[in-house]
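Below is one structure, written out as structure tokens, with a few remarks after it.
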Amino acid sequence: MATKNFSKGIKSTIGSITENENKLAEEELKNDNEAREKLLWLTTDVESSSKKGLKFDEVRMTIITNEIYLNKIKAIAYWDRLQTKDLINQALEDFVKKYEQENKALKPIPKK
Numbered sequence: 010m011a012t013k014n015f016s017k018g019i020k021s022t023i024g025s026i027t028e029n030e031n032k033l034a035e036e037e038l039k040n041d042n043e044a045r046e047k048l049l050w051l052t053t054d055v056e057s058s059s060k061k062g063l064k065f066d067e068v069r070m071t072i073i074t075n076e077i078y079l080n081k082i083k084a085i086a087y088w089d090r091l092q093t094k095d096l097i098n099q100a101l102e103d104f105v106k107k108y109e110q111e112n113k114a115l116k117p118i119p120k121k
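As numbered in our numbering, residues 10 to 121 make up the sequence shown, in order.
Right under this line is the structure:
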């Protein structure tokens with residue numbers, strides 16, 4: 010007797026839910042005056058492979074960093090009961106705010 014594979018049906022259903030959530034989030038951003046600036050900074054296509062299965066404003070990235078810092082970040086995230094991505098996002102947000110206070114507001118890199 011052949012085994013049935015249900016993963017394709019489940020994945021396609023979950024994928025369509027994520028796509029619908031992303032479309033709704035994009036519409037909310039377009040309608041919100043404060044969030045229009047966010048749209049300037051979102052450069053990757055919603056359908057790119059680095060955005061599959063993620064929230065509207067999230068993207069995957071690969072970095073090369075010092076192993077000691079990475080292990081310390083993982084330890085902080087563990088002991089503070091956070092996800093590593095949330096901790097890194099908070100650190101990046103704090104860095105950008107500090108930079109903008111000390112210098113000036115950033116402008117997006119022009120498209121070629």
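Every residue, glycine too, gets a C-beta built ideally from N, C-alpha and C.
A quick note: this is a predicted structure, and the numbers were derived from the prediction, not measured.
Beta-carbon gap between residue i and residue j smaller than 8 Å
i, j, result
"residue 81", "residue 93", "no"
"residue 101", "residue 85", "no"
"residue 61", "residue 68", "no"
At what residue ranges does the region 76–111 contain a whole run of the beta strand (DSSP E), taking only runs of 3 or more?
-> You should have found no qualifying run.
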